[in-house]
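A.B. asks: Below are the structure tokens for one structure; questions will follow.
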Amino acid sequence: MRGRLLISSLLALAACSKAPDADDAADAPSAGPAVNVTAAPGVAFTYAYRFRLPAARIAGAQEAHAQACERLGVSRCRITGMRYQLAGENDIRAALEFKLDPTLARAFDKRGIDAITAAQGTLVDADITGQDAGAALARLATDRTRAIDEQRRLDAQLATAGSRASDRDTLQNQRADAARRLASLDDEAAGQRASLVTTPMSFAYDSGPAIAGFDASAPIRSAAAIAIGSAQLTLGVALGTAAAFGPPLLLLVLFWLGWRRLGPSILRRFVVERPAG
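Numbering (the numbering used here), first residue to last: 11 to 287.
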């Protein structure tokens, strides 16, 4: 009996020790904020992520994200924009924009971040904004009902209006304004509904180290990275200085060497000495 109690206690402790690990995995920083469309119904989200990774790996990561969208099909994911810019030596800036099925957005961005991690990159900025489209649609529905009531009221007045042209013109102008107001409300409502059907997501890629500075948890690696970066900067400055001032200095040196060799003979040929006395 005591043996059974001991085994039961050990199993309970093992179960308790595993639960926090699962929670910690779910709360990993690389996964981004745990926001899901089911947690906020009626809210239209916009996702924007910025990554930093080695310059040589940006094109591959961008292509991997594009292929992931294409595998979902155009009904669930569409690429709406792409940019790749070589701003300088090892200075690359790129971007990719999508329109996603809202129910797939969180899974898609997690897989996208995993692809960046596999490419030795890091998520450096995540911006998830939401617009309460449900509340906006409710307000628009109320405004639409009022606009329809206004139209009906004006139609009734037009039906019973006298023969005076000025009165009928005034009512018809008001009726036209009410119709335009109703059309504007319908357009705005269509836009709000569209924001709930597709979710915009953008990935921006920058070349370079994830975070500049010294990481105390990995001192050797951080020191080596800082040393390499410092050497690259020093070499770049030296090469830039040589490129800027090298040609003029070379011309001066050549002129000086030529003058040392040919200068005396030129002077003897063109300088006339005055006769003595």
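We put the beta carbon where it would ideally sit given N, CA and C, even for glycine.
Is there contact here, the region 110-117 with the region 200-210, by at least three beta-carbon pairs under 8 Å?
C.D. replies: Verdict: yes, contact present.
A.B. asks: Could you pull the start and end residues of the beta strand (DSSP E) that V134 belongs to?
C.D. replies: The residue you call residue 134 lines up with position 124 of the sequence shown. V134 -> beta strand (DSSP E) spans 132-142.
A.B. asks: Determine the extent of the beta strand (DSSP E) in which L106 is found, giving its start and end residues.
C.D. replies: To locate residue 106, count along the sequence shown from 1; it is residue 96. Start and end: 101-110.
A.B. asks: Identify, in the order they occur along the chain, each residue of the same chain with its Cβ nearer than 8 Å to the Cβ of R86, setting aside the five sequence neighbours on each side.
C.D. replies: Here residue 86 refers to the residue found at position 76 when the sequence shown is read from its first residue. So the qualifying residues of the chain are L110, D111, L114.
A.B. asks: Does DSSP classify P39 as helix, strand or coil?
C.D. replies: The residue given as residue 39 occupies position 29 in the sequence shown. Reliability of the predicted coordinates at P39 is poor, the pLDDT of 44 falling under 50, and the value obtained from them is presented with this limitation in mind. Of the three classes helix, strand and coil, the one that applies to P39 here is helix, per DSSP.
A.B. asks: Would a C-beta distance cut-off of 9 Å place R154 and A199 closer than the cut-off?
C.D. replies: The count along the sequence shown starts at 1 and reaches residue 154 at position 144. The count along the sequence shown starts at 1 and reaches residue 199 at position 189. Yes, these two residues count as a Cβ contact at 9 Å.
A.B. asks: D1 and A58 look like a contact to me (Cβ under 8 Å); what is the Cβ gap, rounded to whole Å?
C.D. replies: The question about residue 1 has no answer here: the residues shown for the chain are numbered 11 through 287.
A.B. asks: Mapping DSSP to helix, strand and coil, what is T180?
C.D. replies: Looking up residue 180 in the sequence shown gives position 170. If DSSP states are grouped into helix, strand and coil, T180 belongs with the helices.
A.B. asks: For S212, which beta-bridge partners are listed by DSSP?
C.D. replies: Against the sequence shown, residue 212 aligns to sequence position 202. S212 pairs with A58, E107.
A.B. asks: Report the residue from D197, R163, I102, P274 whose alpha carbon sits nearest the alpha carbon of Q184.
C.D. replies: Working through the sequence shown from its first residue, we reach residue 184 at position 174. Answer by Cα proximity: R163.
A.B. asks: Which term fits Q77, buried or exposed, when burial requires 16 or more other beta carbons within 10 angstroms of its beta carbon?
C.D. replies: For this step, residue 77 is matched to residue 67 along the sequence shown. Exposed, because fewer than 16 other Cβ atoms sit within 10 Å of the Cβ of Q77.
A.B. asks: So the alpha helix (DSSP H) G70 belongs to, where does it begin and stop?
C.D. replies: Reading the sequence shown from its first residue, position 60 is the one you call residue 70. Unbroken alpha helix (DSSP H) run through G70: 65-82.
A.B. asks: In terms of residues, what are the limits of the alpha helix (DSSP H) holding G122?
C.D. replies: On the sequence shown, residue 122 is found 112 positions in, with the first residue counted as 1. Here the alpha helix (DSSP H) through G122 covers 115-128.
A.B. asks: Measure from the alpha carbon of A204 to the alpha carbon of each residue in T127, A146, A65, R279, then state which is nearest.
C.D. replies: Taking the first residue of the sequence shown as position 1, residue 204 is located at position 194. For A204, the nearest C-alpha among the options comes from A146.
A.B. asks: Which residue wins for smallest C-alpha separation from A104, given the options S240, R67, D119, A253?
C.D. replies: Position 94 of the sequence shown, counting from 1, holds the residue named residue 104. That would be R67, whose Cα lies nearest to the Cα of A104.
A.B. asks: So which of L192, L243, A65 has the shortest CA-CA distance to Q95?
C.D. replies: Taking the first residue of the sequence shown as position 1, residue 95 is located at position 85. Comparing Cα-Cα distances from Q95 to each of L192, L243, A65, the minimum goes to A65.
A.B. asks: Measure the alpha-carbon distance for S240 versus L249 and round it to whole angstroms.
C.D. replies: Taking the sequence shown and counting its residues from 1, the one referred to as residue 240 is at position 230. Taking the sequence shown and counting its residues from 1, the one referred to as residue 249 is at position 239. Their Cα atoms are separated by approximately 14 Å.
A.B. asks: Within its chain, find whatever has a CB closer than 6 Å to the CB of R81; leave out the 5 residues flanking it on each side and keep chain order.
C.D. replies: For the purposes of this step, residue 81 is identified with residue 71 of the sequence shown, where counting begins at 1. Contacts found: none.
A.B. asks: Hey, is L264 close to the ligand FMN, as in C-beta under 8 Å from one of its heavy atoms?
C.D. replies: With respect to the ligand FMN, the structure offers nothing, as it holds no ligand at all.
A.B. asks: Could you check the C-alpha separation between A254 and F55 for me, to the nearest Å?
C.D. replies: As a working mapping, residue 254 is identified with position 244 in the sequence shown. As a working mapping, residue 55 is identified with position 45 in the sequence shown. Distance between the alpha carbons of A254 and F55: 50 Å.
A.B. asks: Can you list, in chain order, the residues of its chain with a C-beta nearer than 7 Å to that of R191? Leave out the 5 residues immediately preceding and following it.
C.D. replies: As a working mapping, residue 191 is identified with position 181 in the sequence shown. Closer than 7 Å at the Cβ level, and outside the excluded window around R191, lie A157.
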